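Working notes, structure below.
Residue numbers (our numbering): 23 to 404.
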């Protein structure tokens with residue numbers, strides 16, 4: 023078990039490295055150059071331009087300032103720093119506590135409060151969690167319950183009614199549900215305005231959070247219901263449940279002894295990944311209700327080409343996902359002791375290769391001897 027966890031950690035680090043280097047290279051190669059955009063604004067506001075040969079010279083000096091170019095020995099801007107070199111400088115800076123800098127002022131809504139990239143990322147994260155965590159808890163409880171009811175009543179009117187509800191909210195995306203909910207709540211006196219904790223009381227904040235929580239809950243509730251129903255139907259039609267029914271066990275005993283035990287592992291996995299999906303996919307909801315969450319920070323960073331903000335968010339969510347994957351694997355073994363993890367092969371590859379070469383040599387010698395025999399026979403006939 024310990025060896026397997028160490029292997030998973032090693033593969034997780036390798037995966038994080040590959041994702042980070044590919045993401046950095048793609049963003050650096052194809053995203054807009056925020057330094058150029060900043061230089062264009064600065065050049066128009068610059069009154070004394072006599073110290074520059076032109077805009078290209080001004081841009082080159084700005085790129086030196088932000089680490090995109092080398093500084094030559096004569097103090098003039100040199101060649102561009104290769105992307106791969108910039109990547110390893112960035113990774114080295116992360117270990118030293120340097121998370122990069124916010125290049126464009128428009129990417130930082132409040133420079134006084136958000137003085138660094140981690141603060142810019144984690145401080146709005148609480149607003150994202152305030153709408154995703156209640157939505158996740160409500161939708162998971164209701165969705166699993168409805169899925170169990172639908173699975174136990176497969177083919178009946180209850181199952182059909184739940185399936186209609188599920189199909190409707192799976193088919194309708196959140197950007198269609200959100201305006202409908204906004205209209206309904208405006209009529210009852212809850213306009214789409216979200217207060218911050220610093221400005222208003224907890225009661226007012228929670229009251230303003232009800233509409234976005236409702237929209238996220240309806241969307242994720244449909245997924246939980248469908249998945250749970252399918253798991254229930256699969257287990258109910260299995261042989262061991264049919265045998266338990268023939269033995270005369272009650273529905274309650276069968277549910278807790280066989281069904282709940284067998285559906286708990288896949289549902290537990292789904293719950294973990296669903297929360298990650300809700301946390302990273304609430305951009306539309308935050309946009310409709312003007313919630314200053316992490317998704318809004320990311321959406322502001324991408325058009326501006328803020329590579330360091332984008333990289334910090336991608337590395338954080340990727341690392342969190344990989345940690346949760348390892349956690350799920352460990353929980354598998356805890357929830358079901360019958361699950362065992364594969365071990366490395368005991369085969370000695372050196373001996374395997376040696377035996378292969380000997381076998382090839384013997385085959386060649388046999389074929390050569392056959393050719394000599396056929397040649398001797400043809401010579402005798404002649």
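The beta carbon of each residue, even a glycine, is placed where N, CA and C say it ideally should be.
Quick caveat, the model's predicted, so the values are computed rather than measured.
Top-ranked residue by Cα proximity to residue i, from the options
i: residue 66; options: 77, 195, 229, 340; result: 77
i: residue 144; options: 51, 268, 227, 316; result: 316
i: residue 347; options: 33, 285, 93; result: 33
i: residue 120; options: 141, 132, 101; result: 141
i: residue 334; options: 112, 37, 325; result: 112
i: residue 280; options: 261, 198, 309, 297; result: 261
i: residue 193; options: 46, 209, 318, 242; result: 242
i: residue 228; options: 263, 155, 392, 323; result: 155
i: residue 311; options: 31, 72, 149, 132; result: 149
i: residue 299; options: 239, 265, 181, 28; result: 239
i: residue 27; options: 376, 392, 345; result: 345
i: residue 203; options: 225, 184, 226, 235; result: 235
i: residue 191; options: 205, 387, 165; result: 165
i: residue 207; options: 133, 237, 185, 197; result: 237
i: residue 282; options: 256, 225, 265; result: 256
i: residue 196; options: 118, 244, 30, 391; result: 244
Coarse secondary structure for residue i, derived from DSSP in three states
i: residue 102; result: strand
i: residue 283; result: helix
i: residue 301; result: helix
i: residue 112; result: helix
i: residue 258; result: helix
i: residue 27; result: helix
i: residue 365; result: Note that residue 365 scores a pLDDT of 48, beneath 50, so its modelled location is shaky; the value from the coordinates is reported in the next line. The answer is coil: DSSP assigns residue 365 none of H, G, I, E or B.
i: residue 74; result: coil
i: residue 80; result: helix
i: residue 92; result: strand
i: residue 136; result: coil
i: residue 210; result: coil
i: residue 176; result: coil
i: residue 394; result: helix
i: residue 373; result: helix
i: residue 311; result: coil
i: residue 55; result: coil
i: residue 124; result: coil
i: residue 67; result: helix
i: residue 194; result: coil
i: residue 272; result: coil
i: residue 233; result: helix
i: residue 328; result: coil
i: residue 97; result: coil
i: residue 130; result: coil
i: residue 201; result: helix
i: residue 42; result: helix
Pair within 8 Å by beta-carbon distance, residue i and residue j
i: residue 314; j: residue 146; result: yes
i: residue 277; j: residue 353; result: no
i: residue 231; j: residue 163; result: no
i: residue 258; j: residue 233; result: no
i: residue 349; j: residue 302; result: no
i: residue 296; j: residue 158; result: yes
i: residue 47; j: residue 109; result: yes
i: residue 61; j: residue 44; result: no
i: residue 254; j: residue 174; result: yes
i: residue 50; j: residue 139; result: no
i: residue 329; j: residue 42; result: no
i: residue 305; j: residue 319; result: no
i: residue 327; j: residue 53; result: yes
i: residue 38; j: residue 341; result: yes
i: residue 129; j: residue 322; result: yes
i: residue 93; j: residue 86; result: yes
Rounded Cβ spacing between residue i and residue j (contact assumed at less than 8 Å)
i: residue 188; j: residue 247; result: 5 Å
i: residue 91; j: residue 97; result: The pair is not a contact, with the Cβ atoms about 12 Å apart (cut-off 8 Å).
i: residue 200; j: residue 124; result: Not a contact, Cβ separation roughly 30 Å.
i: residue 103; j: residue 114; result: With 8 Å as the limit, residue 103 and residue 114 do not qualify as a contact, their Cβ atoms being about 14 Å apart.
i: residue 57; j: residue 84; result: 5 Å
Does the structure place the stretch 167 to 174 close enough to the stretch 244 to 258 that three or more beta carbon pairs sit under 8 Å? Under the Cβ criterion (8 Å, minimum of three pairs), the stretch 244 to 258 counts as touching the stretch 167 to 174.
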